[in-house]
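Written out below as C-alpha cells is the structure these notes cover.
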Amino acid sequence: MKSITALQKKANPAVKGAWVALGIPFDAPMIDEKVEGIIDVEALIMTTLLLMGQDRMATDLPAWLSRFSGLVNHQKLKTMFKTMPGQQRSGILEKLNYSPFRGAPKSIRNIFSLEPASEAVSRLVQMRVRKLNTIENVVQGSIMIRNRLQYGTGFRADIIALTHVKGFGMRGTQLARVLCTNDSTVSRILGDLRVCRFLDQDNERIGAVESYPGMFISSQSLWNLCEMIDAARFSSQQLKRGALENLNLRHDGLDMKVLKCEY
Amino acid sequence: MGKPLKANEVVENLTLLADWLRVKYPGEHFELIVAGGAAMTLEGFKGQTTDIDLLSPKELPDSLKKGVAHVGRAKRLGAEWLNTNLAKMLSTSARSVKLPEYFSEISRTLELSDNLKISLICRQALISLKLYSTTASYRKHTEDLSNLRPNKREITEALRFVMSIDDSDPRKDDLRIVMKDLGFDFDEIHHSLAKKGKPRR
Numbered sequence: 134m135k136s137i138t139a140l141q142k143k144a145n146p147a148v149k150g151a152w153v154a155l156g157i158p159f160d161a162p163m164i165d166e167k168v169e170g171i172i173d174v175e176a177l178i179m180t181t182l183l184l185m186g187q188d189r190m191a192t193d194l195p196a197w198l199s200r201f202s203g204l205v206n207h208q209k210l211k212t213m214f215k216t217m218p219g220q221q222r223s224g225i226l227e228k229l230n231y232s233p234f235r236g237a238p239k240s241i242r243n244i245f246s247l248e249p250a251s252e253a254v255s256r257l258v259q260m261r262v263r264k265l266n267t268i269e270n271v272v273q274g275s276i277m278i279r280n281r282l283q284y285g286t287g288f289r290a291d292i293i294a295l296t297h298v299k300g301f302g303m304r305g306t307q308l309a310r311v312l313c314t315n316d317s318t319v320s321r322i323l324g325d326l327r328v329c330r331f332l333d334q335d336n337e338r339i340g341a342v343e344s345y346p347g348m349f350i351s352s353q354s355l356w357n358l359c360e361m362i363d364a365a366r367f368s369s370q371q372l373k374r375g376a377l378e379n380l381n382l383r384h385d386g387l388d389m390k391v392l393k394c395e396y
Numbered sequence: 018m019g020k021p022l023k024a025n026e027v028v029e030n031l032t033l034l035a036d037w038l039r040v041k042y043p044g045e046h047f048e049l050i051v052a053g054g055a056a057m058t059l060e061g062f063k064g065q066t067t068d069i070d071l072l073s074p075k076e077l078p079d080s081l082k083k084g085v086a087h088v089g090r091a092k093r094l095g096a097e098w099l100n101t102n103l104a105k106m107l108s109t110s111a112r113s114v115k116l117p118e119y120f121s122e123i124s125r126t127l128e129l130s131d132n133l134k135i136s137l138i139c140r141q142a143l144i145s146l147k148l149y150s151t152t153a154s155y156r157k158h159t160e161d162l163s164n165l166r167p168n169k170r171e172i173t174e175a176l177r178f179v180m181s182i183d184d185s186d187p188r189k190d191d192l193r194i195v196m197k198d199l200g201f202d203f204d205e206i207h208h209s210l211a212k213k214g215k216p217r218r
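Residue numbers (my numbering), protein chains in the order written: chain U, 134 to 396; chain L, 18 to 218.
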C-alpha cells in the first residue's frame, strides 16, 4: 500500500457497500453477506471511523447510529476503540472532534468522550435519518442485525450469527477475540447453546442452516487496517512487505479485497 | 544462531528497527549501548557478528521487543538478533560486583535516526567482557580477543575484572590457557594483581 490516501480510496467502496447492506443509501454496490461474508456491525463502525474523510459518511453514520443505536453493542464498540493502537485512536478522536459525528446519540458520543454537536449539525443529521432504509429491508441484508432483533443486542446474537459460517471453528478463545469480548462470556453462551441442543458437542449447528462463506468485516479487519496504515508510513520497503505478509486475513474479506486491488 | 551480519548490515537492521519504532511509537526516543561482537564489528575489529549484544537497556521494553520481532521476521534474522543476554548475564553473575567505571565509557555514538541512537562501549570494557566470555574449548571469543590486540595494561585490567566475578580454580585454568594463546603469562599478571591487593568485590 503506497499511501494512506490510496488505502482509503481502495477500501471506501467496499465499506460503503457494507453500509448499503445496513441501510445507508450510498452510491456503491451492496455487499451481499451470503456471497462476501458476514459484516460485524461494530467492526464496520470502527473501520468507517478509521477511514472516514470529509464525505457524506460524516453525516450518514451518525444518522444511522441515531436510528439504530438500540441495535449497537456499545460494550463491543468500546472495547474495539480502547484496544486500538494509541495513535490510530488519537487520529480518530481528532477527526471526530471536528466532524458531524458529534450528532450521534449520547450513548455513542460517551464512548469517544465527545461533546454534543451544534443544533444546526444535529438538525442535518436528523434529516439524513429519513434517508435510511427501513429496518425491514436492513434485516434482509444483515444477519447480525436480524439476530439482534431476535435474541437481543448482545454477544449471544453475534455468536449465533457466526454459527452460520461453515468451518468457523467455534472455539471459545477464537470467538472471544473476533467478537472483542472475554472467554468466559463466550464459553457461557456456547454452554447454553449446547445444553438446548442448538449446537453439538463440537459447537457446530445441529440441523440445516443457511450458510455464509465467512466474515467480510470483523475486528480482524480493523486490526489489519491499522497495520496497513502503519505499513504505508514505513520508509523501508522490507518493513512494508513484512507488515502486509503478516496480516491475518482469515476473518477479513474487506482487506483481502483491498490487497487484491493493490497487487 | 542468526545469520552473520557485517557492519553495514548491523547498521541497516538497526535503521529498520528505527523506522519501525518511528511509526509504531511516534515521539519516543531509544538509546542502546552495544557491546560484544557487534561493537567489535562496528569498530572494525572483526568482519561479522551473529547478533547484537546490548549492555543497556538491561531488559528490552515491549516496544523494542516487538520491533526486534518484526524486523527479525522481515529480514529473516534469528529471534535474538538483538538481545540483552549479556546485560542479563552481568546482572546475575556480577550481582555482588560493582562494575568498573570504564563500563560506562562510550567509545563512539551513532545517531541512526531521530529516534534511535546507539553507543559503543569503550575498548577496555570490550576486552574485559571478551576475557570473561573466553573458555579454553571455545575459540570464538579468544579469536575476538586476539583481534582486539590488547596490551599488557589492558589484559591486566581485564583479568582484574574477571577475577572479581569468578576466581575459582577451573576459571584460572581456563584463563591460563587462553592468555597463553594471546601471548600473556596468567600467573605473572595474576601474581602482580595479588601483590597490589585482592580483586575488587
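Backbone N, C-alpha and C define an ideal beta-carbon position, used for all residues, glycine too.
Predicted model only: the values in this text are computed from it and were never measured.
C-beta neighbour in chain L for residue i, strict 7 Å
i	result
G224(U)	no
G375(U)	yes
S75(U)	Here chain U comprises residues numbered 134 to 396, so residue 75(U) is not present and cannot be evaluated.
L355(U)	no
D363(U)	yes
R366(U)	yes
L372(U)	yes
Chain U within 7 Å of residue i, Cβ atoms only
i	result
A91(L)	yes
D36(L)	yes
L127(L)	no
V40(L)	yes
L33(L)	yes
R218(L)	With a pLDDT of 46 at R218(L), under the threshold of 50, the predicted position of this residue should be treated as unreliable, and no value is reported.
L81(L)	no
Closest Cα partner of residue i within the set the options
i	options	result
D335(U)	K299(U), I362(U) and Y345(U)	K299(U)
G186(U)	F214(U), F234(U) and S202(U)	F234(U)
S124(L)	F47(L), A35(L), H207(L) and V51(L)	V51(L)
L312(U)	R263(U), R338(U), V168(U) and T216(U)	T216(U)
E29(L)	G200(L), Y155(L) and E128(L)	E128(L)
S209(L)	E60(L), A153(L), R177(L) and P187(L)	R177(L)
S181(L)	M196(L), L59(L), S113(L) and E45(L)	S113(L)
T67(L)	D202(L), Y42(L) and E26(L)	E26(L)
K92(L)	H384(U), K149(U), N379(U) and D363(U)	N379(U)
K142(U)	H207(U), T181(U) and V168(U)	T181(U)
M190(U)	P218(U), V262(U), L247(U) and P249(U)	V262(U)
S255(U)	L229(U), Y231(U) and A196(U)	A196(U)
K105(L)	D70(L), S80(L) and I194(L)	D70(L)
A153(L)	A142(L), V40(L), K169(L) and V195(L)	V195(L)
K211(U)	F245(U), G224(U), G219(U) and S202(U)	F245(U)
R39(L)	N266(U), S369(U) and G375(U)	S369(U)
Residues of its chain near residue i, where Cβ-Cβ distance is below 8 Å and the 5 sequence neighbours each way are ignored
i	result
D198(L)	T159 and S163
R198(U)	It should be pointed out that residue 198(U) corresponds to Leu in this sequence rather than to Arg. Here the set comprises I178, V205, A237, P238 and I241.
N315(U)	A309
R330(U)	I339
L257(U)	T192, P233 and G236
Residue i, buried or exposed, once every other Cβ within 10 Å from all chains shown has been counted against 16
i	result
K373(U)	buried
G214(L)	exposed
M260(U)	exposed
N280(U)	buried
R242(U)	buried
G305(U)	buried
K209(U)	buried
P249(U)	exposed
Q221(U)	buried
T138(U)	exposed
R218(L)	Legend: pLDDT at R218(L) = 46, less than 50; position of this residue unreliable, value from coordinates given subsequently. Exposed.
Own chain, CB closer than 6 Å to residue i, minus 5 neighbours either side, in chain order
i	result
V179(U)	Per the sequence shown, residue 179(U) should be read as Met rather than Val. Within the same chain, M179(U) has close Cβ partners M213 and L355.
L295(U)	F301
S136(U)	A365
R383(U)	none
A144(U)	L184 and V391
Cβ-based neighbour list, residue i, same chain, cut-off 7 Å, excluding 5 preceding and 5 following
i	result
A154(U)	M163, I164, E166, I172, G274 and S275
K149(U)	F159 and A161
Taking contact to mean at least 3 C-beta pairs separated by less than 8 Å, is the region 41 to 55 of chain L in contact with the region 131 to 142 of chain L?
yes
Counting beta carbon pairs with one atom in the region 168 to 176 of chain U and one in the region 342 to 355 of chain U, are three or more of them shorter than 8 Å?
yes
Are at least three pairs of beta-carbons, each pair with one atom in the region 381 to 395 of chain U and one in the region 68 to 88 of chain L, less than 8 Å apart?
no
Tell me, please, whether the region 175 to 190 of chain L touches the region 139 to 157 of chain L by the rule of three or more beta-carbon pairs shorter than 8 Å.
yes
Kindly confirm or deny that the region 28 to 43 of chain L and the region 79 to 90 of chain L touch, where touching means at least three C-beta pairs closer than 8 Å.
yes
Could you tell me whether the region 357 to 371 of chain U touches the region 341 to 348 of chain U, where touching means 3 or more Cβ pairs closer than 8 Å?
no
Do the region 313 to 333 of chain U and the region 280 to 295 of chain U meet, that is, are 3 or more Cβ pairs less than 8 Å apart?
yes
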